[in-house]
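One structure below.
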Amino acid sequence: MKKKYGRNIVFLIPFFFAFVFSCANSSRQQENKSFSEQNQELVVLDTVLGLEEEITPQKTFDSIASGLNFKPKTGYNATKEQIITVRNRLSREYKTETNNSKKDSLLDVVSLYFTKSLLNDIIPHWYGTEWDFNGYSNIPNQGTIACGYFVSTTLKHMGLNLNRYKMAQQASSLEVKSIAINANNIIVSKNNNISDTLKRLKEGVYIVGLDNHVGYLYLYNGKTYFIHSNYIDDRVMIELTDHSPAFMSETYYMINITHNTLLAKKWLENEKITIHVK
Numbered sequence: 005m006k007k008k009y010g011r012n013i014v015f016l017i018p019f020f021f022a023f024v025f026s027c028a029n030s031s032r033q034q035e036n037k038s039f040s041e042q043n044q045e046l047v048v049l050d051t052v053l054g055l056e057e058e059i060t061p062q063k064t065f066d067s068i069a070s071g072l073n074f075k076p077k078t079g080y081n082a083t084k085e086q087i088i089t090v091r092n093r094l095s096r097e098y099k100t101e102t103n104n105s106k107k108d109s110l111l112d113v114v115s116l117y118f119t120k121s122l123l124n125d126i127i128p129h130w131y132g133t134e135w136d137f138n139g140y141s142n143i144p145n146q147g148t149i150a151c152g153y154f155v156s157t158t159l160k161h162m163g164l165n166l167n168r169y170k171m172a173q174q175a176s177s178l179e180v181k182s183i184a185i186n187a188n189n190i191i192v193s194k195n196n197n198i199s200d201t202l203k204r205l206k207e208g209v210y211i212v213g214l215d216n217h218v219g220y221l222y223l224y225n226g227k228t229y230f231i232h233s234n235y236i237d238d239r240v241m242i243e244l245t246d247h248s249p250a251f252m253s254e255t256y257y258m259i260n261i262t263h264n265t266l267l268a269k270k271w272l273e274n275e276k277i278t279i280h281v282k
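Numbering (my numbering), first residue to last: 5 to 282.
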């Protein structure tokens with residue numbers, strides 16, 4: 005079923021660039037702000053637009069409490085085009101900046117923009133898309149999508165230069181390794197201490213590879229959410245990790261997207277992502 009949405013993402017752009025350039029001209033104090041604090045701009049915008057509570061295909065979440073939008077703001081192709089437009093503008097800014105400190109600050113902002121766009125512009129289109137073990141749809145809510153393809157396709161549509169087929173066909177730990185850029189940044193946890201590990205993680209978005217599954221881990225305001233193509237409920241959905249049977253695993257491989265400036269630089273310069281294979 006196709007849905008029509010009245011809001012256009014273009015209304016976010018002036019707001020975003022005011023935020024970008026103020027941050028790019030600041031010091032590395034941005035790093036000392038939590039993701040919750042940085043995300044207040046989004047929360048305030050949600051309040052203005054009347055998005056305090058949204059309905060996902062499977063449950064009700066409070067948009068303010070989760071810091072998320074659940075409904076697409078515009079058509080999917082327009083969303084992808086707007087993200088690339090923003091990336092190209094940021095890329096020009098990054099290339100022309102000669103002050104290394106300001107370049108580093110800009111990468112921090114780029115990472116935050118990537119996170120917000122992935123969570124609130126790309127992924128909302130995919131909620132409710134049917135799961136299938138062999139699914140590899142390139143269009144949300146048409147056909148089916150497996151868990152690995154859900155991750156690789158949404159990253160591809162965010163503008164990362166990667167082979168979504170090759171990435172999705174690897175073990176989940178290798179998918180995480182590919183996006184980590186530097187394997188030393190991968191966080192590994194066993195089932196018996198995953199709760200303690202989650203409590204120590206920075207807020208933001210991670211890719212999490214499980215024994216036989218992969219998805220996005222989202223930490224915000226003391227809660228952890230799992231966004232994935234769920235083989236149990238047969239659709240793309242968001243759940244609290246505590247209530248998600250699919251989140252159970254003997255081993256967890258996690259890479260932070262929100263604070264991964266190596267990945268941000270790859271995205272900004274449209275550099276090819278090397279897919280790690282067996």
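All C-beta atoms, glycine included, are put in the ideal place defined by N, C-alpha and C.
This structure is a prediction, so every number in the text was calculated from the model and none was measured.
- Taking a 10 Å sphere around the C-beta of ASP238, we find fewer than 16 other C-beta atoms and assign the residue as exposed.
- Spatial neighbours of LEU202 in its own chain (CB-CB distance under 6 Å, excluding positions within 5 residues in sequence) are listed in chain order as THR228.
- Taking all protein chains in view, the Cβ of SER70 is crowded by 16 or more other Cβ atoms within 10 Å, so the residue is classified as buried.
- If you check the CB distance, SER253 and LEU214 come in under 9 Å.
- By DSSP's assignment, TRP135 forms a beta bridge with ILE149.
- Look at the beta carbons and you see the segment 160-170 not touching the segment 239-250: under three pairs across the two are nearer than 8 Å.
- Rounded to whole angstroms, the separation of the alpha carbons of THR119 and LEU72 is 11 Å.
- Going by beta carbons, VAL218 and VAL180 fall inside the 9 Å limit.
- Taking each of TYR140, ARG91, ASN103 in turn and checking the Cα distance to LEU116, the smallest one comes out for ARG91.
- Nearest to LEU266 by C-alpha distance, out of HIS280, ALA250, SER182, is SER182.
- With a cutoff of 9 Å on beta-carbon distance, ILE259 and ALA184 are scored as near each other.
- Within 10 angstroms of the beta-carbon of GLN174 lie 16 or more other beta-carbons, which makes it buried.
- As summarised for the segment 64-133, the continuous alpha helix (DSSP H) elements at least 4 residues long and confined to that stretch are 67-70, 80-100, 104-121, given in chain order.
- Judged by DSSP in its simplified three-state form, SER233 adopts strand.
- Unbroken beta strand (DSSP E) runs of no fewer than 3 residues, entirely contained in the segment 217-268, are found at 218-224, 227-234, 239-244, 255-260, following chain order.
- If you look at LYS206, you'll find it isn't in any beta strand (DSSP E); DSSP assigns it neither H nor E.
- A residue is called buried when at least 16 other Cβ atoms come within 10 angstroms of its Cβ; ASN145 meets this threshold and is buried.
- Less than 9 Å divides the Cβ of LYS269 from the Cβ of VAL114.
- Ranked by Cα distance from PRO249, the first of SER233, ILE88, ASN81 is SER233.
- Within the same chain, GLU254, THR255, TYR256 come within 8 Å of LYS194 by CB-CB distance, once the 5 residues on both sides are set aside.
- Taking the CA atoms as reference points, SER141 sits about 5 Å from ILE149.
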